[in-house]
Amino acid sequence: MGLDFDEVAVTGLTKSYGATLALAGIDLRFASGSTTAILGANGSGKSTLLWLLALLSRPTRGNIRYGEYGMDDAAELRGAIGFVAHQLQLYPGLSGLENLELSSELYGVADAPRRIEALEQALGLAEYWTRPLRTYSRGQAQRIAIARALLHSPRLLLMDEPSTGLDEGSTDVLADLLAQQREAGAITVMVSHEVGFAERVADRVIRMERGRIRGDQP
Ligand code: ADP
Ligand code: MG
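Quick note on our numbering: the sequence shown kicks off at 24 and runs consecutively.
Below is the structure:
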């Protein structure tokens, strides 16, 4: 793990894409050991918020603090962040195993073989483990993306609709993994369209509407 922190604080966060105001000045705090679900209609700014939190895009205005660190520490902070994006960003020509091995090297995961093995077991990846990723179903690729996000035990775990394509059994496994992350002190922020799943795994639900926070409750 790179730099560490126990809180993420967002102030006045604004993001425009040309004439489109995707985030209209958001203030939020996320504490260690919390799981937040973000709900909202299409286009309300949920994915934009995750991309900014992941330091993959810069805000138009406003700030994000990661404990004592800031957006200028992006390169060092990335080692403490895991992200399941909507577009999974895995290598299609590599197998699931190879994708995880490559990511382990990039992240410098200590004891990578044991960690990969544990995730393979937990997520039931074995049956398609060595085939190229392009042959996977959406749910199978989704499980690899979830494993990749958890590989380095990130402090900040960001997931954009993580239950997409997952069957009931895999959704239960995901819920268990999220509970383990919370117990380990992770800060989890996930976007979900499934209110039932969000309410089951989250201890806080935020509703977004047109780039603003419309509801925030435990
Ligand atoms: P959500 O994830 O809630 O569906 P997004 O954050 O993806 O919403 O998008 C918020 C708004 O920003 C939408 O109007 C969307 O069309 C726009 N948007 C998102 N990404 C881009 C982009 N790269 N270029 C232009 N507009 C974008
Ligand atoms: Mg989205």
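We put the CB at the ideal spot given by N, CA and C, even for glycine.
query	result
Secondary structure, beta strand (DSSP E): runs of 3+ residues fully inside the segment 177-235	179-183, 210-214 and 227-232
Where THR43 falls, given that 16 or more other Cβ within 10 Å makes a residue buried	exposed
Closer than 6 Å: residues whose CB approaches a heavy atom of the ligand NAP	The model depicted lacks the ligand NAP and carries the ligand ADP and the ligand MG instead.
Cα-Cα separation, SER70 to THR153	31 Å
Cβ-Cβ distance between ILE205 and GLY105 below 8 Å	The sequence given here places Arg at residue 205; Ile does not occur at that position. No; because the gap between Cβ atoms is not below 8 Å, this pair is not in contact.
For THR158 and LEU117, the rounded distance between their alpha carbons	10 Å
Contact check, ALA221 vs VAL228, beta carbons under 8 Å	yes
Residues that DSSP places opposite PHE28 in a beta bridge	DSSP, once it has assigned bridges, lists no residue as partnering PHE28.
Pick from LEU180, ALA198 and LEU26 that is closest to ARG223, judged by C-alpha positions	ALA198
Coarse secondary structure for ASN65, derived from DSSP in three states	coil
Coil, strand or helix - GLN144 by DSSP	helix
Near the ligand MG: VAL218 beta-carbon under 7 Å from a heavy atom	no
Neighbourhood of ALA145 by C-beta distance below 7 Å, restricted to the same chain and skipping five residues each side	VAL196 and LEU200
heavy atom of the ligand MG below 7 Å from VAL107 C-beta	no
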